[in-house]
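Numbering (our numbering), first residue to last: 300 to 472.
In this text, a Cβ means the ideal position worked out from N, Cα and C, and glycines have one as well.
Just so it is clear, the structure is predicted and the values come from calculations on it, not from any experiment.
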């Protein structure tokens, strides 16, 4: 995916409903998602993807470990950057969030209706579901994962302060 395609996907993501929960500090968090996208070559056809996003509990990563993680897949020339980062971070710990989209649980369906009508129905279904709190997004069909990453990043941002506070309260930072 080109940088322009990535930026286009970000700019054309609409979050109709964000996940309600935050990332649990000491447990696993999961939320259902629905990503709706209009097909580029068909008028009035919408692809609905539904699945489960699972976030493992955040890990505390020491600066030296964080620098090594950054080097994975890079050559020796990147070592200087990692060394500099390690010096600048000093004793600051970083939280590492791990996510996985369970692809086996992602389903796709095609609906022959305008996207606004499909969005309205999906929003109503999510609001009355047995496990409410899921995300509903509208995105670009061939870059739907970008939309999912965008909402996931927002959940991480919303959760990070609480996660750090809980880790600090337990003497882990």
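Check: Is the stretch 307-322 touching the stretch 437-455 in the sense that three or more CB pairs, one from each, lie closer than 8 Å?
Finding: yes
Next item on the list: Report the three-state DSSP secondary structure of residue 346 (helix, strand or coil).
Entry: strand
Item checked: Three-way DSSP call (helix, strand, coil) for residue 357 in this model -> strand
Margin query: If you follow the beta strand (DSSP E) that residue 407 is in, where does it begin and where does it stop?
Written below: 406-410
Item checked: Cβ pair residue 433, residue 330 closer than 8 Å -> yes
Next item on the list: Would you list the residues sitting across from residue 332 in a DSSP beta bridge?
Entry: 350, 434
Notebook entry, point to check: Nearest to residue 309 by alpha carbon, out of 425, 445, 359, 358?
Noted result: 445
Margin query: Please classify residue 426 as buried or exposed, where buried requires at least 16 other C-beta atoms within 10 Å of its C-beta.
Written below: exposed
Checklist line | DSSP state of residue 472 mapped onto helix, strand, coil | finding: coil
Checklist line | With 16 other Cβ atoms within 10 Å as the buried cut-off, status of residue 418 | finding: buried
Item checked: Beta-carbon gap between residue 439 and residue 336 smaller than 8 Å -> yes
Note to self: Whole angstroms are fine: how far does the CA of residue 447 sit from the CA of residue 352?
What the structure shows: 9 Å
Next item on the list: Given a cut-off of 8 Å, decide if residue 436 and residue 332 are closer than it, judged by their beta-carbon atoms.
Entry: yes
Note to self: For a test of the three-state rule: what should DSSP assign to residue 338, helix, strand or coil?
What the structure shows: coil
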